[in-house]
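> Chains as they are written, first to last, in the numbering used here: chain A, 22 to 694; chain B, 5 to 333.
Beta carbons are placed, not taken as given, at the ideal position from N, Cα and C, and that holds for glycine.
Predicted, not measured: the structure shown is a model, and the values here were computed from it.
Supplied in structure tokens, the structure appears directly below.
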């Protein structure tokens with residue numbers, strides 16, 4: 022799998038094995054089968070619970086929505102604490118001696134990197150990064166790096182790119198260090214692992230948007246808050262993968278090292294870390310990708326850099342400008358992904374033979390440093406520190422014209438299929454509105470029961486409990502109705518995503534050419550900041566829930582396609598061969614062999630689809646999707662902690678519930694747990 | 005036993021010494037967040053000013069011209085940050101931003117930061133007056149002139165219906181950062197309308213332009229000065245007259261408002277330290293004062309002619325030296 026599955030869980034134990042439910046096949050007595058089937062047993066237990074509790078609940082709190090008597094109003098205390106923070110930020114010790122130092126450290130760090138990058142100048146930075154990529158990952162990646170940096174400059178985005186690089190450098194370093202330390206604890210101590218794992222699992226499914234408000238409250242708008250939100254968002258995959266890598270180390274090797282009399286520290290450094298290097302690199306890679314995507318969202322709270330340019334372009338409805346700032350982000354992501362990917366492959370392989378000795382070891386590194394220094398000085402002497410203004414190309418005009426042309430031609434009245442405006446209206450009328458009314462019309466205990474049943478059937482009683490509790494928390498906070506609205510949007514968009522994703526994924530698995538063609542498209546869809554396409558989507562689908570759904574589908578589709586295609590391609594060739602020898606047709610092979618065997622991958626695709634769609638539906642508040650996303654925006658815009666934080670927590674709960682409901686058992690209790 | 009404890013105690017002691025040394029080295033401990041500026045500010049020895057740009061284009065026009073003059077006439081480096089209105093007050097108070105050039109009236113924040121904490125200083129008026137209201141497109145108002153009175157709005161509710169408005173008429177609202185009483189107005193005036201929040205001004209503008217292209221009727225929350233009027237001519241719907249009585253009632257209970265929006269003279273605000281020590285830049289920003297017509301000229305160059313903010317500012321500056329020369333004196 023290549024670039025930037027922003028939040029894919031590519032850890033070794035995600036591949037859940039097909040399990041228990043398949044047990045009930047062709048047994049003698051139907052009754053006994055029923056009793057022995059865990060599915061039926063679970064349903065029976067739930068039915069009993071429901072039979073007892075529902076009449077009670079119905080008698081006391083009838084009606085569809087969450088009963089008002091069961092809500093807790095937290096707005097008073099939240100408003101008070103927000104006032105307190107604003108009044109005491111420049112005087113109370115906790116700000117002066119704790120948060121103040123964190124903030125100062127971040128500012129200093131970003132500033133040092135930024136000054137260094139500016140001092141190197143465009144010539145020095147380009148040369149240095151290209152040579153670095155060449156040393157670590159070879160000529161091809163070096164060329165990609167060179168071209169990408171040149172494009173950033175040509176687009177007139179050099180300074181914002183450097184600001185983003187500086188911010189990223191600090192945020193990624195902090196994420197890797199913090200995540201690595203947490204992972205180390207989890208990898209070495211069983212207790213720490215048990216405590217950390219559910220927390221990290223949860224943090225990975227939360228939409229980035231939900232992290233912004235609490236951070237803004239304490240640190241205010243600006244770079245420190247942006248870096249901190251990024252670290253909170255990007256550190257968990259590092260921690261997860263480090264812990265998993267350390268725990269997965271071959272016991273035999275560890276035993277051997279121990280028997281050689283190695284001390285604890287020697288064992289860690291000489292055996293455990295090297296054995297876990299693949300996971301560590303994967304962790305760093307995921308951390309970088311997540312940090313990049315957050316760098317854009319953090320522009321809402323004053324992160325600056327490329328994200329801010331995209332955000333500013335958004336406000337003047339300038340798609341061309343947004344694209345000019347969005348492209349460097351895509352390029353940065355591709356370069357870092359490829360560099361680390363190739364470096365990871367090389368780590369595993371034995372050092373290449375041949376080649377001059379000068380190209381290996383410290384002389385090469387010294388060479389890199391010297392060449393960079395020379396080019397830096399040359400750049401300085403030639404005058405310009407930032408990218409020369411004459412060497413830029415404005416892509417805004419043509420891009421905007423192209424967008425206008427598209428909108429004019431597909432907005433309405435396209436023969437046979439109808440225009441996008443009609444699609445949007447039909448989608449709202451026939452899908453979203455009935456679904457929303459349905460969800461808001463089902464009694465609250467009904468929803469809780471459905472959630473519990475789904476989560477339990479696919480997972481364990483613990484996941485069921487978490488999911489139900491998360492759902493109940495939404496009710497208690499008094500945001501049941503908007504949450505059902507958001508939920509309906511997520512469900513509808515997920516269905517569309519899965520139908521499209523499975524279809525394209527199956528097709529791609531069967532055609533290598535299609536897969537090759539899709540790859541760059543998927544890379545771009547996954548790394549392009551959603552802000553870039555949110556606004557043109559409004560022109561096509563009209564303000565409301567439809568454009569949010571469209572954006573969510575664009576964002577979630579690549580992950581679903583990739584996981585599906587990979588799952589189907591990884592099906593054991595011998596199983597396929599034997600089906601073919603029995604004379605199965607293409608369709609039969611697909612339906613009876615490939616799809617059933619790829620079931621774990623398909624389930625993972627569902628889970629990813631749900632989580633990714635939720636993340637974007639929430640951002641859809643910016644284009645009129647309303648509900649929880651709008652409330653978070655409102656909270657951020659008005660400094661209204663009560664509205665924003667409650668909506669943020671509700672999003673967290675929804676994410677938690679959706680993840681648990683779509684999460685196969687195996688991930689939790691097989692290997693590694 | 006004592007010997008077993010000793011090494012650990014020594015370690016503890018060393019750690020404590022280390023931490024103390026670290027704290028001393030970092031400047032006696034206190035780090036006031038309200039005194040920390042942007043990491044991108046003042047790099048390379050240049051004097052720098054950070055301006056807050058709000059999301060609407062009029063505000064971008066103010067900033068573009070101020071930035072152009074600061075950079076080309078006074079030799080400053082200018083950083084701009086896009087922040088929503090209320091967070092911008094907070095950022096201004098912390099010194100992450102040096103100035104806001106267009107504020108639409110936030111009495112609560114003014115009380116807190118200008119009067120109580122004195123971390124923000126008033127920078128005087130911008131010279132432009134702002135007005136919020138409800139608007140319909142001119143092509144629609146010409147055919148149905150009676151829509152311009154709020155009393156007739158219910159008659160047109162069906163006309164303004166969209167897929168999102170659930171059988172009622174749609175009143176399109178914009179960004180969550182804007183001042184709005186629309187919920188109260190719809191309720192108190194008994195209007196058969198559903199407010200649809202576009203969630204951002206850009207989404208709202210995109211939608212309005214799309215409506216206008218299709219010549220569809222719409223009713224929207226909007227404000228002037230705004231460049232969009234040049235592309236999509238609109239007429240204001242008369243709401244019940246704004247009175248002091250209604251305003252004081254609204255101050256006590258925002259849900260009771262049942263009259264139009266006031267007309268607001270837009271204000272500039274400066275970080276208090278910057279106002280005192282900001283030298284020429286602060287003096288210049290205090291004097292910055294222009295008209296609605298000036299602002300609209302720049303806004304339109306940016307938003308509809310697709311010029312970069314800096315090019316638009318340059319063009320305007322070249323054409324109107326009589327307006328900006330006095331700001332530099």
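Would you tell me roughly how many angstroms separate the C-alpha atoms of residue 304 of chain B and residue 256 of chain B, rounded to the nearest one?
In this structure, the alpha-carbon of residue 304 of chain B lies about 38 Å from that of residue 256 of chain B.
> For residue 322 of chain B and residue 72 of chain B, what's the separation of their Cα atoms in angstroms?
Near 11 Å, if we compare the C-alpha coordinates of residue 72 of chain B and residue 322 of chain B.
> Measure from the C-beta of residue 378 of chain A to each C-beta in chain B and report whether the shortest distance is under 7 Å.
With a pLDDT of 49 at residue 378 of chain A, under the threshold of 50, the predicted position of this residue should be treated as unreliable, though the coordinate-derived value follows. No, because no Cβ of chain B sits closer than 7 Å to the Cβ of residue 378 of chain A.
> Report yes or no: is there a C-beta of chain A within less than 7 Å of the C-beta of residue 315 of chain B?
no
> Pull up the distance between the alpha-carbon of residue 81 of chain B and that of residue 535 of chain A, whole angstroms please.
50 Å
> Quick check on DSSP: helix, strand or coil for residue 105 of chain B?
strand
> For residue 84 of chain B, I'd like the list of residues in its chain whose CB is within less than 8 Å of its CB, leaving aside the five on either flank, ordered along the chain.
Close CB contacts of residue 84 of chain B within its chain, under the 8 Å cut and outside five residues either way in sequence, are with 54, 55, 56, 57, 67 and 71 (chain order).
> Indicate the three-state DSSP secondary structure (helix, strand or coil) for residue 31 of chain A in the structure shown.
Residue placement at residue 31 of chain A is flagged as unreliable, the pLDDT there being 41, under the threshold of 50; the coordinate-derived value follows with that caveat. In this structure, residue 31 of chain A counts as coil in the three-state DSSP scheme.
> Using a Cβ-Cβ cut-off of less than 7 Å, list which residues of the region 649-680 of chain A approach chain B; keep chain order.
The residues in question are 651, 654, 655, 657, 658, 659 and 660.
> In angstroms, rounded to a whole number, what distance separates the CA positions of residue 440 of chain A and residue 211 of chain B?
16 Å
> Could you round the C-beta distance between residue 1 of chain A and residue 460 of chain A to whole angstroms and report it? I think they count as a contact, below 8 Å.
Beyond the ends of chain A as shown, which are 22 and 694, falls residue 1 of chain A; an answer cannot be given.
> Under a CB-based cut-off of 7 Å, is residue 134 of chain B close to chain A?
no
> Quick one: what's residue 139 of chain B bridged to in DSSP?
B:224 and B:240
> Counting pairs of beta carbons, one from the region 145-158 of chain A and one from the region 392-403 of chain A, are three or more of them closer than 8 Å?
yes
> Going residue by residue through the region 309-349 of chain A, where are the continuous alpha helix (DSSP H) segments of at least 4 residues, counting only ones entirely within it?
326-336
> Give the secondary structure of residue 416 of chain A by DSSP, where H, G and I count as helix, E and B as strand, and everything else as coil.
coil
> Determine whether the Cβ of residue 236 of chain B lies closer than 7 Å to any Cβ atom of chain A.
no
> Considering only the beta carbon of each residue, do residue 300 of chain B and residue 237 of chain B sit closer than 7 Å?
Not a contact, by the Cβ cut-off of 7 Å.
> In whole angstroms, what is the alpha-carbon distance linking residue 272 of chain B and residue 89 of chain B?
12 Å
> Helix, strand or coil for residue 65 of chain A, going by three-state DSSP, please let me know.
helix
> Over the uninterrupted beta strand (DSSP E) stretch that includes residue 82 of chain B, give me the two end residues.
Membership of residue 82 of chain B in the beta strand (DSSP E) is indicated by the continuous run 81-86.
> Helix, strand or coil: which one does DSSP assign to residue 66 of chain B?
helix
> Taking a Cβ distance cut-off of 7 Å, strictly less, list which residues of the region 259-274 of chain B are near chain A, in chain order.
none
> With burial defined as no fewer than 16 other Cβ atoms inside 10 Å of the residue's Cβ, what is the status of residue 127 of chain B: buried or exposed?
buried
> With a cut-off of 8 Å on the beta carbons, I'd call residue 204 of chain A and residue 267 of chain A a contact; round off their distance for me.
That pair is a contact at about 7 Å.
> Check the Cβ of residue 95 of chain B against every Cβ in chain A and list those closer than 8 Å, keeping chain order.
241, 242, 243 and 323
> Consider the Cβ of residue 446 of chain A: report whether some Cβ of chain B lies at a distance smaller than 7 Å.
Yes, residue 446 of chain A lies at the interface with chain B (some Cβ there is under 7 Å from its Cβ).
> Mind checking which residues open and close the alpha helix (DSSP H) that includes residue 447 of chain A?
Run containing residue 447 of chain A: 441-447, per the alpha helix (DSSP H) assignment.
> Going by the beta-carbon positions, is the gap between residue 508 of chain A and residue 223 of chain A smaller than 7 Å?
no
> Looking at the C-beta of residue 554 of chain A, does it have a partner C-beta in chain B at a distance below 7 Å?
no
> Round the Cβ separation of residue 650 of chain A and residue 639 of chain A to the nearest angstrom and send it over; I've been treating them as touching at under 8 Å.
4 Å
> Apart from the five residues just before and just after residue 192 of chain A, which ones in its own chain have a Cβ nearer than 7 Å to its Cβ?
248, 251, 252, 255 and 312
> Nearest to residue 288 of chain A by CA position, among A:67, A:304, A:271 and A:465, is which residue?
For residue 288 of chain A, the closest C-alpha among the options A:67, A:304, A:271 and A:465 is that of A:271.
> Three-state secondary structure (DSSP) at residue 464 of chain A?
Reduced to three states, the DSSP call for residue 464 of chain A is coil.
> Establish whether the CB of residue 286 of chain A and some CB of chain B are separated by less than 7 Å.
no
> Cβ closer than 9 Å: which chain A residues qualify as neighbours of residue 168 of chain B?
The contacting residues are 449, 563, 564, 565, 566, 567, 645 and 647.
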